[in-house]
Each structure stands twice: as C-alpha cells, then as structure tokens.
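> In terms of the working numbering, the sequence shown opens at residue 2 and continues consecutively. For each residue, glycine too, the CB sits at the ideal point set by N, CA and C. If you're wondering where the values come from, they're calculated on a predicted model, not measured in any experiment.
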Amino acid sequence: MISTAFAQGAAPAPSGGDILIQFIPFILIFVVMWFLILRPQQKRAKAHQEMVKGVRRGDTIVTSGGFIAKVTRVIDDNEVEAEIAEGVRVRIVRSTIADVRAKSEPVKSEGEAAGK
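#1: In the DSSP output, which residue or residues are listed as bridge partners for V75?
#2: Tell me the residue span of the beta strand (DSSP E) that contains R92.
#3: Would the beta-carbon of A48 be found less than 7 Å away from any heavy atom of the ligand MG?
#4: Using the C-alpha atoms, what's the distance from L29 back to T64?
#5: Output the distance between the C-alpha atoms of R45 and G66, rounded to the nearest integer angstrom.
#6: To the nearest angstrom, how far is it from the Cα of F24 to the Cα of I38?
#7: Can the beta-carbon of E84 be found less than 8 Å from the beta-carbon of T73?
#8: Return the first residue and the last residue of the beta strand (DSSP E) that R102 is part of.
#9: Label A70 either buried or exposed according to how many other C-beta atoms from any shown protein chain fall within 10 Å of its C-beta, with 16 as the threshold for buried.
#10: With DSSP as the reference, please indicate the residues paired to A48 in a beta bridge.
#11: Which residues mark the beginning and the end of the beta strand (DSSP E) in which V63 is found?
#12: For I93, is the classification buried or exposed, using 16 other Cβ atoms within 10 angstroms of its Cβ as the cut-off for buried?
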C-alpha cells in the first residue's frame with residue numbers, strides 16, 4: 002500500500018512561466034473590456050465635451066433635466082443663458098447640456114455686416 006507520507010508529498014512550486022500563463026486570461030479580459038467598453042465611452046465623452054464647448058447663441062439645446070431651450074447668450078466657459086419659454090430666461094451650466102438639436106448660423110461680426 003501507499004504510505005501516508007508519500008501521499009501527502011509537497012506539490013512542486015510554480016515556475017515563472019506558469020504564473021504568466023495563469024495571468025493571460027485576466028490580461029485578455031482587460032484588453033477586450035478596453036476595446037469594447039472603455040475606449041468607446043471615452044470617445045463619446047470627448048465628442049459630448051466638444052459639442053458643449055461649441056454651443057453659441059441661437060442654438061437649440063436639450064438639458065439633462067429635459068428642458069428644450071434656445072441659447073440667448075453665452076455668459077462664460079461654464080454657463081449659458083437660455084430662453085425656455087417666451088420671456089423666461091435661465092442660466093444653465095454647460096455640463097448639464099445633454100444635446101444640441103439645431104445649430105445656428107455663425108453670428109456675423111460688424112465688419113462683415115457693414116461690408117455687404
């Protein structure tokens with residue numbers, strides 16, 4: 002029969018190659034997650050940031066609260082003033098703009114208007 006000491010023999014220690022093979026599935030999962038989830042999300046966030054940065058007077062916007070408004074004035078880099086109803090103007094933080102529905106024509110400068 003087999004002695005108890007022989008049956009309880011120590012398992013060999015894993016070598017450097019075995020550890021690398023054990024981590025390959027985790028590395029592959031991370032790479033797949035990067036290309037399928039993280040990278041497209043970063044692209045959408047960058048596109049949204051550019052869209053919000055490009056908001057100007059006359060644009061129709063949708064806020065994250067669901068209001069549809071027309072931009073009447075750009076106050077600074079963080080705020081715009083928008084008209085949500087006839088004669089009702091509110092200040093909106095740019096980060097709460099969810100969508101720009103209608104882009105207006107660029108505002109003509111006085112030099113361009115006088116030249117025509």
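The relevant details are as follows:
#1: Bridge partners of V75: V81.
#2: Unbroken beta strand (DSSP E) run through R92: 89-94.
#3: Annotation note on the ligand MG: not contained in the displayed structure, which lists no ligands.
#4: Spanning the alpha carbons of T64 and L29 requires a straight line of approximately 39 Å.
#5: Straight-line Cα distance between these residues: approximately 20 Å.
#6: Computed Cα separation, rounded: 21 Å.
#7: Yes, Cβ-Cβ distance for E84 and T73 is below 8 Å.
#8: Taken as a continuous stretch (DSSP letters only), the beta strand (DSSP E) holding R102 covers 98-103.
#9: Counting every other CB atom within 10 Å of its CB across the protein chains shown gives A70 a total of 16 or more, marking it as buried.
#10: DSSP lists no partner for A48.
#11: Looking at the DSSP string, the run of the beta strand (DSSP E) that includes V63 is 61-64.
#12: By the 16-neighbour rule on beta-carbons within 10 angstroms, I93 is buried.
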